[in-house]
Each structure stands twice: as structure tokens, then as C-alpha cells.
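**Student:** Using the working numbering, the letters of the sequence shown map in sequence onto residues 53 to 146.
Just so it is clear, CB atoms sit at the ideal spot from N, CA and C, and this is done for glycine as well.
Take this structure first; my questions come after.
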Amino acid sequence: MLKIQLEELEIFITVVDSGNFSKAAEVLAITSSVVSRTIKKLENKLTTTLFNRTTRKVYLTQEGEWLYNNAYEMIVQANNIESYLSDKQRAPKG
53 MLKIQLEELE
63 IFITVVDSGN
73 FSKAAEVLAI
83 TSSVVSRTIK
93 KLENKLTTTL
103 FNRTTRKVYL
113 TQEGEWLYNN
123 AYEMIVQANN
133 IESYLSDKQR
143 APKG
């Protein structure tokens, strides 16, 4: 069973939205080497290449495109779950 973590997907989505690893690192306030290692780890887990890389930009492969569309929805759902449960926790009881 794959053990993909939400943080890996968030980094992946940020790379796609930013257009390259350096900008994603800046947005996430982490180093570009962490971004690069995370993407490589994710590609190894999925046994596929997610990006075609050039020196300045990254482009999604077909598999990367599929993952982006599905991962984005997963992140939205995870955030909705977290918000709902934390709001419920703060609500007055009685």
C-alpha cells in the first residue's frame, strides 16, 4: 500500500501552480532541495515521472496532470474536514 502524505501532495500542487521548484520553495518557505527531494520521493512511490523538467520550468506529464486534478480535490477535502472538526470543537456545548 502506498503511503502518500498530504504534505507531499501540497508540495506537488505548489510546484505545479508556481511553475518551478524554486518558486514553490519560496511560497512554502522551505528550501528548493526539500521540494526536489519530496517530488523525487513521490515519483518513486508512484513509480512514474510527474514532471518533464527544463532548466527554468517544469511541465506535467500525463500522469502528473491526472495526479494534479485528483490531488487538488483531496487537499480541498482534507482542509474542509479539518475546518469542520475544529469549528465543531470550538462551538459551545450544552
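(1) What residue range is occupied by the uninterrupted alpha helix (DSSP H) comprising L119?
(2) Measure the C-alpha to C-alpha separation of M51 and I133 and round it to an integer number of angstroms.
(3) Can the beta-carbon of L80 be found closer than 8 Å to that of I63?
(4) Helix, strand or coil for R108? Go by DSSP, reduced to three states.
(5) Who are the near neighbours of L83 in its chain, counting only those whose CB is closer than 7 Å to its CB and skipping five residues on each side?
(6) If you follow the alpha helix (DSSP H) that N96 is part of, which residue opens it and which one closes it?
(7) Could you name the residues that DSSP lists as bridge partners for F103?
(8) Using CA coordinates, which residue listed in K109, K75, V110 and E60 is at the minimum distance from L98?
(9) Would you mind stating whether V68 and Y120 have Cβ atoms separated by less than 8 Å?
**Tutor:** The short version:
(1) Counting from 1 along the sequence shown, the entry for residue 119 is found at position 67. In the DSSP annotation of this structure, the continuous segment of the alpha helix (DSSP H) that includes L119 starts and ends at Q114 to R142.
(2) As shown, the chain starts at 53 and ends at 146. That puts residue 51 outside it, with no answer to give.
(3) Looking up residue 80 in the sequence shown gives position 28. Looking up residue 63 in the sequence shown gives position 11. Yes, the Cβ-Cβ distance between L80 and I63 is below 8 Å.
(4) Walking along the sequence shown from the start, residue 108 turns up at place 56. Collapsing the DSSP output to three states places R108 in coil.
(5) Against the sequence shown, residue 83 aligns to sequence position 31. The residue asked about is misnamed: residue 83 is Thr in this sequence, not Leu. A77, listed in sequence order.
(6) Here the question's residue 96 lines up with position 44 in the sequence shown. Its alpha helix (DSSP H) spans residues S84 to L98.
(7) For the purposes of this step, residue 103 is taken as residue 51 along the sequence shown, with counting starting at 1. The beta-bridge partner set that DSSP reports for F103 consists of L112.
(8) Within the sequence shown, numbered from 1, the residue matching residue 98 stands at position 46. Cα-wise, what sits closest to L98 is E60.
(9) Position 16 of the sequence shown, counting from 1, holds the residue named residue 68. Position 68 of the sequence shown, counting from 1, holds the residue named residue 120. Their beta carbons are under 8 Å apart, which means V68 touches Y120 by this criterion.
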